[in-house]
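Trainee: Dumping the structure here so I can ask a few things about it.
Chains as they are written, first to last, in UniProt numbering: chain A, 1 to 454; chain B, 1 to 454.
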């Protein structure tokens, strides 16, 4: 079986933990592992191959997180623009043999009961071999209004239901034939593509054309124009709600889509007062709070609050209202805030940089370059840079010279001097960069040479 | 008239804005001015001289904040240990001519109606000339349980009342003869000392002895042993509640002791939703919140919350519960947290340093040295230091050499090299210091030479 992993996301619902360039699946929420990593580890017992459909900008993040996992063969399909799940799944199906059975999973969901999960997947696989599009219906534990529902009769689907209001959700629960739509599927790649062609021919054709435009080399990169020619549509709307070949496996494997901080609260370990565990938390008469912070947080007489504290932004919402976090993100986007886009740490293919301090006339960053990586040759017209190596070894090109800088050594790059930073070693290179000058924005950079290194 | 300014405080009630070494009066809460500065500016129209009674550790903070105010003559009495208000006032009275009229004011209260205030002080001055100890009774605006009350009949005091419960406070309000005890006084220095001798002879004698032990030079420094020999007692308990010479001026001048964040909320300007004004605030359906932060704060469906965000600690309390902040401070003290003691910025007589980042094997600080100031000659056995000057000019002594370092220049101080930093110029010297080594605590320092420079 091949696991198609949908690895997109806009970083909205768990803001400020998630950002546009660092969506939910990459956050290390549980046990120092990201949901993306947990998805791969869970499925590597079931699947031998992985096809990861991701945003182009997140490719290297996914690669970084893959590094230590030792999963089998992985291939990437990189979308230059997001078009929702139907095109993403179709692109992946086009990349494999039509007879292959594929397990389609999001990368940002939680599953706590792995054995039950594997059992359900095995059942689904049987039906998929018989030519069905198989989906998983999660037995609801409460009247959730944040999920779509599948009404079923045994393995047969009666109908798909959109997110209900609370009254309707309660009726669904008492009825007993309604299941949460988990967004996971098992089918033959060819079955899916034929059904897509039957019920949504325009999506099928646009996706096929886009796929054929790529060179087929890994990673398969689909250009912006090609992506934008595909209708943006979910697999439920495009295929599942219309196809006659859909079956559902009623399942119970501790599933959550963690689609809001309320859902996250339910899954975190808690102390005797119902507060999530936090090393630096000072509690005075407070209970039932979600607290995420690396700093010291003190609460007095606080109940049912969601407190999410990151280096550059603080979110406080009433429990039960965390669905409205998207309104915060909308407001930030209206004022063009970069807070929706990136964290203080920005990840690049060669490593990362973290803004430590910015003030009149200077900026301090911690830069990490991965072993064997280098940045482009570059120069700046408005800033000088002082670099101090903390660990690892830096090879620095300064004009015509090449110097090696060891831990506790420093170098200086004056305005307009061409320079290049490289980590020739075997461990991370960590350096502190103090920039001084009248203008310190990222766009004061002239790159020279091979831009693909940057 | 001489203004005696009581400038102590433990930094507890407005934690994390206030800290033990940075108490409430020094926080710039309103219009970029501290309450200490506002106290001086308010009183400089009434008094020609100021005697500031302060903790020894806060002397230079007070001097810093005095610098730009252009008030008249100021003298300092520095206590090496805090003994509450009666000894502080007595020490100041011992330092002036017994016939002098003194106005005793805390340094951390708010007064919004300056003209009414001056009018009340003028009335008080008249009674003080007639030999009375005059206090100010503030006409209550609400049934406050956080203040003591004075029951009066015209200018005559019937009794002093401790902080009442809510029921009692309501009775006081409807009665009409009860006033808030503001902790401000006017009297002849000699009158106060004679009354103290009459009603609390042990306090008087211990204070007199302590005062005589000092050399009388400004600043008058009272040693720890001498301070600790004085009973710790408030002026109300020691004198006002016992003396027969007390008069009260019923007053209305927009007074608040800002003794809790609830009181601070009442005094801050607010937007149309009742949230305090904050540049970086994103509001989704929230109202009536106190928000203090330099970062972006977003709230969703939040009402009546106090949110105080500083660089190293976050406090969230329900409005009405901010009196319990002291329990947070107690818990932090139990675990020996430095968060009750200092901010990320530590103020020293020569300037300040701010911890920007600390991680395995390195520490980054921004250091500011005031014009004409220098640090002690020193060396470290476990850390190297890289200094990069951002603005101003540094004179650095390195062993036998002396070098001048200009903006955008750097220097390096290896382990065990004797060095000294000095600002010989006319503007602040600002530098970034990157420390590397196995052990980076402040106590890895060997000072050489004149310790009074440090």
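The C-beta atom is built at its ideal place from N, Cα and C for all residues, glycine as well.
What you are looking at is a predicted structure, and each value in this text was computed from that prediction instead of being measured.
Can you give me the Cβ contacts of residue 311 of chain A inside the same chain, cut-off strictly under 6 Å, excluding the 5 residues immediately before and after it?
Mentor: 344
Trainee: Could you tell me which chain B residues have their CB closer than 8 Å to the CB of residue 362 of chain A, listed as they occur along the chain?
Mentor: 390 and 432
Trainee: Using a cut-off of 8 Å between C-beta atoms, extract the partners of residue 412 of chain B located in chain A.
Mentor: Under a criterion of Cβ atoms nearer than 8 Å, the residues of chain A adjacent to residue 412 of chain B are, in order, 410.
Trainee: Confirm, please, whether the CB-CB distance from residue 182 of chain A to residue 257 of chain A is below 9 Å.
Mentor: yes
Trainee: Compare the C-alpha of residue 442 of chain B against each of B:423, B:382, B:31 and B:29 and name the closest.
Mentor: B:382
Trainee: Taking only three categories from DSSP, how would you classify residue 453 of chain B?
Mentor: Model confidence at residue 453 of chain B stands at a pLDDT of 44, short of 50, so the residue's coordinates are unreliable; what they give is reported in the following sentence. Note: residue 453 of chain B maps to helix in three-state DSSP.
Trainee: Give every residue of the same chain whose Cβ lies closer than 6 Å to the Cβ of residue 206 of chain A, excluding the five residues on either side of it in the sequence, and list them in chain order.
Mentor: 229 and 230
Trainee: Would you kindly check if the distance between the Cβ of residue 255 of chain B and the Cβ of residue 142 of chain B is under 9 Å?
Mentor: no
Trainee: At 3 residues or longer, and completely inside the segment 365 to 423 of chain A: list those beta strand (DSSP E) runs for me, N to C.
Mentor: 377 to 379, 383 to 391, 394 to 398, 401 to 405, 410 to 413 and 419 to 422
Trainee: Is the shortest distance between the beta-carbon of residue 101 of chain A and the beta-carbons of chain B less than 9 Å?
Mentor: Look at residue 101 of chain A: its C-beta is not under 9 Å from any C-beta on chain B.
Trainee: Rounded to whole angstroms, what is the Cα-Cα separation between residue 378 of chain A and residue 371 of chain A?
Mentor: 20 Å
Trainee: If you follow the alpha helix (DSSP H) that residue 1 of chain A is in, where does it begin and where does it stop?
Mentor: Secondary structure note for residue 1 of chain A: it is in no alpha helix (DSSP H), with a DSSP letter that is neither H nor E.
Trainee: Use the C-beta contact count for residue 201 of chain A: other C-beta atoms within 10 angstroms, 16 or more gives buried, fewer gives exposed.
Mentor: exposed
Trainee: Using a C-beta to C-beta distance shorter than 8 Å, which residues of chain B count as neighbours of residue 313 of chain A?
Mentor: 295, 296, 297 and 298
Trainee: Is residue 131 of chain B closer than 9 Å to residue 249 of chain B when the C-beta atoms are compared?
Mentor: no
Trainee: Name the residues in the segment 338 to 360 of chain B whose C-beta lies less than 7 Å from a C-beta of chain A; which are they?
Mentor: 339, 356 and 357
Trainee: Find the nearest neighbour of residue 104 of chain B within the set B:7, B:409 and B:37, judged by alpha-carbon distance.
Mentor: B:7
Trainee: Is residue 342 of chain B helix, strand or coil by DSSP?
Mentor: coil
Trainee: Please check the pair residue 300 of chain B and residue 318 of chain A, which I expect to be a contact at CB under 8 Å, by giving their CB distance rounded to whole angstroms.
Mentor: 7 Å
Trainee: If you draw a straight line from the C-alpha of residue 327 of chain A to the C-alpha of residue 313 of chain A, how long is it?
Mentor: Per the coordinates, the alpha-carbon of residue 327 of chain A lies some 15 Å from the alpha-carbon of residue 313 of chain A.
Trainee: How is residue 310 of chain B classed by DSSP in three states: helix, strand or coil?
Mentor: coil
Trainee: Which residue wins for smallest C-alpha separation from residue 457 of chain B, given the options B:209, B:418 and B:96?
Mentor: The structure shown does not extend to residue 457 of chain B, since chain B is modelled only from 1 to 454, so the question has no answer here.
Trainee: Going along chain E in order, which residues have a C-beta closer than 9 Å to the C-beta of residue 331 of chain A?
Mentor: This model lacks chain E altogether; the protein chains it does include are A and B.
Trainee: Tell me the DSSP secondary structure of residue 260 of chain B in three-state form.
Mentor: DSSP places residue 260 of chain B in coil when its eight states are reduced to three.
Trainee: Which residue's Cα is closest to the Cα of residue 29 of chain A: A:325, A:366, A:293 and A:297?
Mentor: Considering only alpha carbons, the answer is A:293.
Trainee: Using the DSSP secondary-structure output, state which residues sit across from residue 90 of chain A in a beta bridge.
Mentor: The beta-bridge partner set that DSSP reports for residue 90 of chain A is empty.
Trainee: Against chain A, with Cβ distances strictly below 9 Å, would residue 19 of chain B count as a contact?
Mentor: no
Trainee: Given that residue 324 of chain A touches chain B, what residues does it touch there, using C-beta distances under 8 Å?
Mentor: 284, 285, 300 and 301
Trainee: Tell me, please, whether the CB atom of residue 305 of chain A is closer than 9 Å to any CB atom in chain B?
Mentor: Cβ-Cβ to chain B under 9 Å: yes for residue 305 of chain A.
Trainee: Assign residue 126 of chain A to one of three DSSP states: helix, strand, or coil.
Mentor: helix
Trainee: Establish whether the CB of residue 44 of chain A and some CB of chain B are separated by less than 9 Å.
Mentor: no
Trainee: State yes or no: is the beta carbon of residue 452 of chain B nearer than 9 Å to at least one beta carbon in chain A?
Mentor: In this prediction, residue 452 of chain B scores a pLDDT of 47, lower than 50, which makes its location untrustworthy; the coordinate-derived value is nonetheless stated afterwards. So no, residue 452 of chain B is outside the interface.
Trainee: Within the same chain, show all residues whose beta-carbon is closer than 8 Å to that of residue 278 of chain B, passing over the 5 residues directly before and after it, in chain order.
Mentor: 291, 292, 293 and 297
Trainee: Compare the C-beta of residue 318 of chain B with all C-beta atoms of chain A and state if any pair is closer than 9 Å.
Mentor: yes
Trainee: Runs of 3 residues minimum, wholly inside the UniProt domain "MannoseP isomerase/GMP-like beta-helix" (280 to 332) of chain B: which ones carry the beta strand (DSSP E) assignment?
Mentor: 281 to 284, 290 to 292, 296 to 300, 305 to 309 and 313 to 318
Trainee: Which same chain residues, not among the five before or five after residue 107 of chain A, have their C-beta less than 7 Å away from its C-beta?
Mentor: 5, 6, 7, 25, 35, 36 and 39
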